[in-house]
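Single-structure report; data block below.
In full-length UniProt numbering, the protein residues as written are 1 to 71.
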């Protein structure tokens, strides 16, 4: 719950999310749930030269984090 509370405080602020493939997306944090899935609005790619095919993907982005189950 500690991380959830922290992310809830960031709602409405501009944040950068770095994905595993080194893609960084910047946008306004619209919402976050208890599973730490987030929704960004007004998104843009940080390094447009590295990911030119993502320039046109300027829409809202919903990021769902898939967790690996530890055995």
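Every residue, glycine too, gets a C-beta built ideally from N, C-alpha and C.
| request: With DSSP collapsed to three states, give me the class of residue 2. | output: Three-state DSSP puts residue 2 in a helix.
| said: Using a 10 Å radius around the Cβ and a threshold of 16 neighbouring Cβ atoms, would you call residue 27 buried or exposed? | reply: Buried is the label assigned to residue 27, since at least 16 other Cβ atoms lie within 10 Å of its Cβ.
| From residue 18 to residue 24, what does the alpha carbon distance come to, in whole angstroms? | Taking the straight line joining both Cα atoms gives about 4 angstroms.
| task | Compute the Euclidean distance between the alpha carbons of residue 7 and residue 32, then round it to the nearest angstrom. | result | Near 7 angstroms, if we compare the C-alpha coordinates of residue 32 and residue 7.
| field | Reduced DSSP category for residue 13 - H, G, I as helix; E, B as strand; rest coil | value | Residue state, collapsed to three classes: coil.
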